[in-house]
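Numbers 10 to 332, taken from the numbering used here, label the letters of the sequence shown in order.
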Amino acid sequence: MAVLDQLDRRILYELDLNARAPASELAKKLRRSKETVNFRINRLLSDGYLKSFYTIFSNSKMGRYYFKMFVKLRDISPKKAEMMLQNISKTERVAYLASTDGYYDCVILVMVQGSEEMESFLHHFMEYYGEYVLEKEIMVFPTAHRFNARFLYAGNEARDWTYPIKLGAYQLDEIDKGIIRAISNDARAPIVKIAKAAGVDQKTASYRLKKLERDGIILAYVTAPNFEKLGLQFVQINFSLRHPKIKKQVIEFFRSTNTCLYAMEVLGKFDLGIEIHVKDAEHLREILRSFREKFEGKYNSFDVATITKEYTVIWGPFGFAKA
């Protein structure tokens with residue numbers, strides 16, 4: 010576990026509740042000076058404990074949704090696998106790509122506007138990489154949950170930013186797109202930078218930003234911690250449940266462990282995908298042991314995979330938010 014003092018941990022916790030919170034607001038809440046808070050935030054970034062601050066969008070309201078694809082590779086050398094993943098990371102519509110240690114070798118999150126786009130993606134994917142693919146499992150998730158980070162500091166607030174995949178057709182103009190570009194991977198971007206990206210004055214940019222929040226396009230501003238630097242292992246667990254109606258109970262179980270950031274209700278081979286961040290293998294075993302005891306007879310199976318390397322992480326919708 011990383012050597013961070015209580016103030017560092019509290020700052021990480023508060024920023025994950027609202028990454029756009031001004032240093033002055035955080036200083037008042039933490040009873041420290043604004044200068045101290047700014048110094049600590051910058052140090053967390055420069056020392057690599059924080060990768061960035063990002064914005065959670067309701068991409069479904071903008072007519073986009075996700076497919077999650079797990080891929081098991083054939084007999085392939087590590088060098089070829091690395092080259093393949095590097096190439097996939099540059100592929101259009103790939104919102105997330107990571108290598109995994111488990112039954113599958115990698116996980117890909119694909120953002121599309123319809124089944125035709127997904128079919129097109131799969132066609133090109135198999136055309137280029139089919140000879141290396143032994144098995145693939147594709148799922149769509151109708152609902153995703155993002156919880157606030159509580160693995161370093163539990164705090165009193167437990168948030169669940171839920172975004173159901175109910176497709177909409179929210180119309181974005183060029184100003185909206187400019188704002189989304191600016192804040193996708195930089196949630197703390199100052200309004201002057203946002204205004205410049207959108208090509209408008211600061212007053213207009215501020216109004217439009219608030220409108221995107223009110224309309225539910227922007228759901229939250231959160232942190233992107235460096236889990237490896239923090240001494241945490243990133244683990245994905247996929248569950249096949251005997252009774253799908255217990256999804257909420259399973260989600261609540263993992264949320265209550267203070268290790269869970271994301272939970273995805275999925276359609277496909279599995280019913281639920283959980284992402285947790287644990288100290289070590291023993292910590293993971295303890296959590297899974299508790300799960301087995303609590304949900305005995307209520308699940309069919311689960312698959313555990315450790316994320317070993319992230320290649321692509323894109324939070325905004327494609328076409329204008331890809332970094």
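Ideal Cβ positions, reconstructed from N, Cα and C, are used throughout, including at glycine.
Y58 sits buried, since 16 or more C-beta atoms from the chains shown fall within 10 Å of its C-beta. With 16 or more other Cβ atoms from the protein chains shown falling within 10 Å of its own Cβ, S69 counts as buried. Residue pairing from DSSP places M148 in a beta bridge opposite K77. Its Cα nearest to that of G123, the residue K175 stands out among A90, V80 and K175.
Annotated as distal: V259 and I296, with beta-carbon spacing of 9 Å or more.
Sixteen is the threshold: when 16 or more other Cβ atoms of the shown chains lie within 10 Å of the Cβ of L239, as they do, the residue is buried.
Contact annotation: the region 246-266 touches the region 295-315, with at least three C-beta pairs closer than 8 Å. The C-beta separation of F62 from T232 comes to about 6 Å, placing the pair in contact by the 8 Å criterion. The region 214-222 and the region 170-189 touch, with three or more beta-carbon pairs separated by less than 8 Å. By DSSP's assignment, G282 forms a beta bridge with N247 and M273. Under the criterion of beta carbons closer than 8 Å, L250 and L276 do not qualify as touching, at roughly 12 Å.
Beta bridge pairing from DSSP links V121 with Y74.
By the neighbour-count criterion, in which 16 or more other beta carbons inside 10 Å mark a residue as buried, A198 falls on the buried side. Listed in chain order, the non-local C-beta contacts of M273 below 6 Å within the same chain comprise F150, A153 and G282, local neighbours out to five positions each way being set aside. For N309, the enclosing beta strand (DSSP E) has its first and last residue at Y308 to V322. With respect to Y320, S42 sits apart: the two C-beta atoms are not nearer than 9 Å. As computed with DSSP, I189 is found in no beta bridge at all.
With a cutoff of 9 Å on beta-carbon distance, Q245 and T45 are scored as not near each other.
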